[in-house]
Amino acid sequence: MTRTLASLALLCLAAPLGAQEANPVDLYVSELRWRGGRLEVGEPARLTSGGRNTQPAFTPDGRAIVFSGQRGGPASQTDVYRVDLATGRETQVTRTPENENSPTVEPNGELMAVRWKPETLFREYGPWIYGPDGVPRRGLLPGPDTVGYYARIDRGTVALMRPMTRFRVALFDARTGRTTDVDSPAAPLPPQRVPGARAFTFTRTDSSGHNRIRRVDAATGRVADVVPTLLGRTSHAWTTRGTLLMGKGNTLYTLDPARDTVWRPVRSFAGPGLRNLTAYAVSPRGDRLVFYSSARVPLEVELRDSLQAGRAPAEAASLARRLAASGSVAVAEGGLLAVGGELQGRSPADAAQIFAVAAELFPRSFRAQARLGDALRAAGDRPRATAAYRRALELNPRSTDEERAAAAEVEKRLAELGAG
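If you use mature numbering (1 follows the signal peptide of the UniProt record, and there is no 0), the sequence shown corresponds to residues -21 to -1, 1 to 399, in order.
Structure follows, in structure tokens:
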């Protein structure tokens, strides 16, 4: 379980796992206007330039955005930044030894953010209150907890996303200090407050990409379905008029749960850096949307979309090889391994197709070879599994405790195959 939790927590709180190419993620803001009951989305204004900038939130007055920024490369820590929407001026808010993620601004001007550091990742990370100067003051919860995302519903209630073996949705009652889990599995994203209600929504994930937006009543904890998401997507935002927004590819979509059953495209963008949109938050007045997009589409996104659209794994693997060779996508080992892991439980042979792509694109990776060996072993291909495991041992430098533990695990599996 610890290993699974590590993968989930690092995936949601830091940069993607595994080797990766530089692929900046930038924030954009667009005006929202209503004409005759129809939503219009304005031209996007780019707010950041370079680095990995995600998890944006509007300040209570809507004049600025706070976000989590990673400016020193994939191995660097994350800090909170603030950008003034009128001037475009950016300010670094936190400068602590820890990582800060999922920042929001309280009505009194204090900052809330998930605070964590790698050496205590599984013992103490969760929402903390910071002064406006970025200095941490106190933890929100009565004790250490594993919280990746949150949303304040009212003064006494906070919705939490807790990365266990799978992400769980929970309610924290500040009056009693009690946290109650209400549903899982959930996407690793902040809960979204429902306009005009003491309720919030989250995305319940499905292994085939048929995710659903669900609503939680904060008073009772009752959970109900709202609508299916766009296929394979999870992030959504509410407008102040009670419609939903999602992004996929270079297009923003909208849906009114009260009357619609199909997502309708509302605006497509032509910019080269706007091909992988994630709609994230609407301003308090409902007149702006902040979203982000990576400079290039990650290969795992193209691969996952291909599989969810019904393409056979062997065909999807061939597509992945062509896209990687073209240089048009960002290739990350961790992303490919994640897609293979999603297939492993349903079809180890299909998972092996994806792990084989990862091993080809990252020929010095012992992790890719070990995962390939696992899939081949589960599929009953003992000779190829043995070869993959042996190659994993050859590539493993055994220079860290993690690498030595990984090597020991592979040696154990070889012994179980009678090839130790």
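By construction, the Cβ of each residue, glycine as well, lies at the ideal position given by its N, Cα and C atoms.
| query | result |
| --- | --- |
| For Thr83, the residue or residues it bridges with in DSSP | Met91 |
| Ala138, buried or exposed, once every other Cβ within 10 Å from all chains shown has been counted against 16 | buried |
| Same chain only: Cβ atoms within 6 Å of Gly105, ignoring 5 sequence neighbours per side | Leu120, Asp124 and Val126 |
| Ala203 and Thr184 closer than 8 Å at C-beta | no |
| Pair within 8 Å by beta-carbon distance, Ala92 and Ser81 | yes |
| Under the three-state DSSP convention, the category Ala(-13) falls into | Any reading at Ala(-13) must be qualified, since the residue scores a pLDDT of 40, below 50, and its modelled position is unreliable; the value itself is stated next. Helix. |
| Straight-line Cα distance separating Leu315 from Leu298 | 13 Å |
| 8 Å CB neighbourhood of Arg117 in its chain, flanking five on each side removed | Trp107 and Ile108 |
| Nearest-angstrom Cα separation, counted from Ala197 out to Ala387 | 47 Å |
| Three-state secondary structure assigned by DSSP to Ala(-7) | Because Ala(-7) carries a pLDDT of 36, less than 50, the predicted location of this residue cannot be relied on, and the following value inherits that uncertainty. Three-state DSSP puts Ala(-7) in coil, outside helix and strand. |
| Residues near Ala367 by beta carbon distance below 8 Å, same chain, minus five either side | Ala338, Gln348, Ala349, Leu351, Gly352 and Leu355 |
| Neighbour-count burial assignment, Arg68, 16 or more Cβ in a 10 Å radius | exposed |
| Three-pair Cβ contact test at 8 Å for the segment 209 to 227 versus the segment 299 to 307 | no |
| Boundaries (first-last residue) of the beta strand (DSSP E) holding Asp152 | Phe146 to Asp152 |
| Between the CA atoms of Arg369 and Phe151 - distance to the nearest angstrom | 48 Å |
| Where Gly16 sits in the DSSP three-state scheme | coil |
| 7 Å Cβ shell around Val308 - same chain, five flanking residues per side excluded | Arg275, Val276, Pro277, Leu278, Glu281 and Leu302 |
| Alpha helix (DSSP H) segments (min. 4 residues) lying fully within the segment 303 to 336 | 312 to 323 |
| CB contact flag (Tyr259, Phe248, <8 Å) | no |
| First and last residue of the uninterrupted alpha helix (DSSP H) at Ala371 | Arg361 to Leu374 |
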